Amino acid sequence: MALSDYLVTDDLTIILALVAAGLFLLHNLYKPQALVHPILLGRQSDVARVRNPAESAVYRNYSTGMLGRFPLRPSKDQQVVLDLVKPDADAPRSLWSTKITNPELRARTANIGAGLMRLAGLAPQESNVLLLLNDGMEFLLADLALASHSIPSFTLTSLALLSSVLENHPPSAIITQAEFLPQLLEHMYDTNETNNHTIVVVGDINSLKLPRLHNVRIVQWDDLEREGASVDKATLPIPDPNDVFTVSFFQMPSGGYEGVQLTHQNLTAGVAATRALMPPSSAISSLDTILSAHPMSTPYGRAIAYTALFEGTGFATVDSTKLIKPEDAPTLTGLKDLRTTANYRTSSPTILFVRPDHLDSLSSSILQEAKKSSWLLQNLAWRHKLANILEGFITKQSLWDRLVFDRARVKVMGKGAGTVRAVIVSGGPLETQALTPARIALSVPVINAHAHPLVAGPVFASHALDLQTFPTTDPSPASSAADAYAFTYLAPVGPPSVNVEAKLTHVDDAAVEAGADPIGDLHVRGPSVGQPLSVEEEPEEEELRGWRATGERAKVAPNGTFKVAVGSKA
């Protein structure tokens with residue numbers, strides 16, 4: 001048989017061949033490219049070449065490098081906290097329900113500061129003030145006013161710490177909500193508090209039944225601001241960046257409490273680290289609105305709020321951040337908590353700083369809504385979105401978003417479905433298996449960060465475009481069965497932030513030499529790390545200065561990303 005007999009084809013064969021070739025080309029040409037090169041994700045930390053016995057090496061963010069200088073502030077002009085409110089930025093933005101410009105904010109801050117000096121009798125560099133306030137404009141104004149007069153503020157992460165703080169660190173004055181005033185006065189009466197107190201009250205107290213205490217002087221917030229506006233304000237001396245700006249008191253996992261001193265430089269460094277969570281291509285701008293689920297009484301929550309101030313964005317917090325709540329108030333979590341921001345007159349949020357319960361509730365609700373439209377269509381959409389994520393690509397502008405997920409997001413998120421462009425998760429352990437559903441449901445960068453009460457800003461944070469997923473089982477040998485279990489299901493929290501360096505102590509040298517990933521007690525240092533009140537003097541040795549034990553157990557992978565077993569060690 002001649003060769004030409006084998007090459008005889010009909011029209012159908014030619015058409016099928018052309019279709020197969022077209023499909024092959026389409027698959028390769030339209031296959032999405034990874035948003036970040038895999039090489040950049042393979043080495044996310046710069047690692048010191050040597051390590052001490054029973055310690056890991058020192059890790060820094062790869063963009064900073066071992067010899068790089070840590071960013072101390074968002075830009076060279078921000079030396080102290082008040083500098084974060086840029087006077088030349090006069091575009092209005094909404095802070096909670098208040099639409100305000102930076103010049104107006106600075107003017108109100110000056111009025112509150114002058115009123116505190118005159119009516120509350122505070123003295124710069126001598127007094128201190130306890131803020132028993134919910135997140136809001138009054139907290140922000142008081143914080144800025146005290147900082148500009150070099151008066152440290154005290155904050156509590158829980159009212160359970162009130163008795164201990166009043167007893168061991170008596171403040172010169174207290175600023176509180178009107179609804180908490182009766183409880184505060186009763187507490188002073190019950191404890192036979194003999195110190196003279198000035199209490200500044202936010203809100204109406206005319207309808208309250210208050211006990212009479214001879215050693216308590218009550219000043220109303222409105223009178224304070226009115227008095228400050230009626231006097232001439234002298235030019236204030238600029239605080240030193242190393243002056244203590246605030247002391248944050250928090251409960252320790254082992255019981256008891258600790259306080260951390262934060263300087264102006266700690267906070268400006270925290271703002272610099274918070275801004276670096278977003279890649280330069282999609283940096284935070286004045287067009288954004290930030291929603292935070294982290295109280296301003298914490299260093300991390302404070303850094304988020306002041307990042308919003310610096311960038312000129314809108315800002316609001318959810319109800320679960322409130323320090324003072326009615327006794328019968330339900331505990332809000334997840335989607336119900338996020339929807340409490342509807343009480344504020346702010347634009348729809350674009351960047352969410354949330355907890356794991358918020359992320360889980362958002363993603364599960366969206367996926368449930370997507371299933372209601374068509375199970376088959378939702379299954380196809382899931383498979384295509386998953387394939388894209390495995391290739392390192394994510395978008396919410398695809399055909400499958402328009403057909404399936406857009407409607408589901410609108411039903412769950414309302415206007416936020418079209419505006420949210422990034423989600424930063426911290427405040428608790430996030431399981432690896434929760435990341436992929438969240439990325440598919442939201443189709444925006446989901447950044448897993450780790451915060452700590454000693455640090456303003458994030459301690460660790462994953463790359464915004466790192467879409468890698470890893471198996472929950474770890475093939476490398478572990479130093480103990482307990483450690484293996486503790487880290488099995490945790491999602492990586494990324495490398496250290498841009499101005500933090502980390503190391504692990506009590507590391508099993510034999511296990512590390514055998515090829516295991518280092519596991520040990522986490523220690524951090526850097527310009528965003530505050531000084532605990534329990535640390536009175538720093539060691540003389542330079543290599544030991546500034547290191548803070550976090551009380552947590554951590555594990556570091558070969559690519560320089562960490563896992564932190566939150567609350568695993570007292």
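By the UniProt record's numbering, the letter at position 188 of the sequence shown is numbered 188, and the numbering carries on one by one without gaps. Using N, Cα and C, we set each Cβ at its ideal position, and we do this for glycine too. Computed from a predicted model, the values in this text were never measured in an experiment.
For His197, the beta-bridge partners assigned by DSSP are Val216. In the DSSP assignment, Ile351 is bridged to Ile290, Ala422. Listed in chain order, the non-local C-beta contacts of Ser45 below 8 Å within the same chain comprise Tyr59, Arg60, Asn61, Tyr62, Pro495, Pro496, Val556, Asn559, Gly560, Thr561, local neighbours out to five positions each way being set aside. Going by C-alpha positions, Gly68 is about 50 Å away from Leu377.
Under a 10 Å Cβ-count criterion, Ser97 is classified as exposed, with fewer than 16 other Cβ atoms of the shown protein chains found around its own Cβ.
Within the DSSP secondary-structure output, Arg302 pairs in no beta bridge. Counted as a single uninterrupted DSSP element, the stretch harbouring Asn388 is not any beta strand (DSSP E) but the alpha helix (DSSP H) occupying residues 375 to 390.
With a cutoff of 9 Å on beta-carbon distance, Ala456 and Gly270 are scored as near each other.
Our two residues, Ala91 and Ala486, have alpha carbons roughly 48 Å apart in a direct line.
With respect to the C-alpha of Asp288, the residue from Arg93, Thr246, Leu277, Val529 having the closest C-alpha is Arg93.
By the Cβ rule, the stretch 404 to 420 does not count as touching the stretch 243 to 258, because fewer than three pairs are nearer than 8 Å.
Here Leu309 is near Leu84, since their CB atoms are less than 9 Å apart. Residue pairing by DSSP leaves His463 without any beta bridge partner.
The stretch 238 to 252 makes contact with the stretch 149 to 164; the number of CB pairs closer than 8 Å reaches 3 or more.
According to the DSSP assignment, Ser148 belongs to the alpha helix (DSSP H) that extends over 137 to 148.
Secondary structure at Ala408: helix, using DSSP grouped into helix, strand and coil.
Asp521 is bridged by DSSP to Thr505, Arg553.
Within the same chain, Val260, Gln261, Leu262, Asn266, Leu454 come within 6 Å of Gly530 by CB-CB distance, once the 5 residues on both sides are set aside. In the structure shown, the three-state DSSP call for Phe470 is coil. If you check the CB distance, Ala417 and Ala370 do not come in under 9 Å. In the DSSP assignment, Glu258 falls outside any alpha helix (DSSP H) and within the unbroken beta strand (DSSP E) covering 257 to 263. In the DSSP assignment, Gly314 falls within the beta strand (DSSP E) that extends over 314 to 317. Residue state for Phe487 is assigned as helix, using DSSP reduced to three classes.
Collapsing the DSSP output to three states places Glu55 in a strand.
Contact fails between the stretch 283 to 300 and the stretch 508 to 526, because fewer than three Cβ pairs, one in each stretch, are under 8 Å apart.
Comparing alpha-carbon positions, the option among Leu166, Leu130, Pro103, Ser150 lying closest to Pro239 turns out to be Ser150. The Cβ-Cβ distance between Gln183 and Val201 does not fall below 9 Å. In this structure, Val420 sits away from Leu359, with a CB-CB distance that is not shorter than 9 Å.
Relative to Thr101, the option among Leu430, Arg302, Ser286, Pro458 whose CA is nearest is Ser286.
For Ser127, the CB contacts under 6 Å within the same chain, skipping 5 residues up- and downstream, are Ile151, Ser172 in chain order.
With a cut-off of 8 Å on Cβ pairs, the stretch 456 to 469 is not in contact with the stretch 14 to 22, counting fewer than three such pairs. Around the CB of Trp400, 16 or more other CB atoms lie within 10 Å, so the residue is classed as buried. Taking 8 Å as the upper bound for CB-CB distance, Ser528 and Ala123 are not in contact here, some 29 Å apart.
Excluding sequence positions up to five before and after Trp382, its CB lies within less than 7 Å of the CB of Ile440, all in the same chain and listed in chain order.
For Asn134, there is no enclosing alpha helix (DSSP H), since its DSSP letter is neither H nor E. Counting along the chain, His187 sits inside the alpha helix (DSSP H) bounded by residues 181 to 190.
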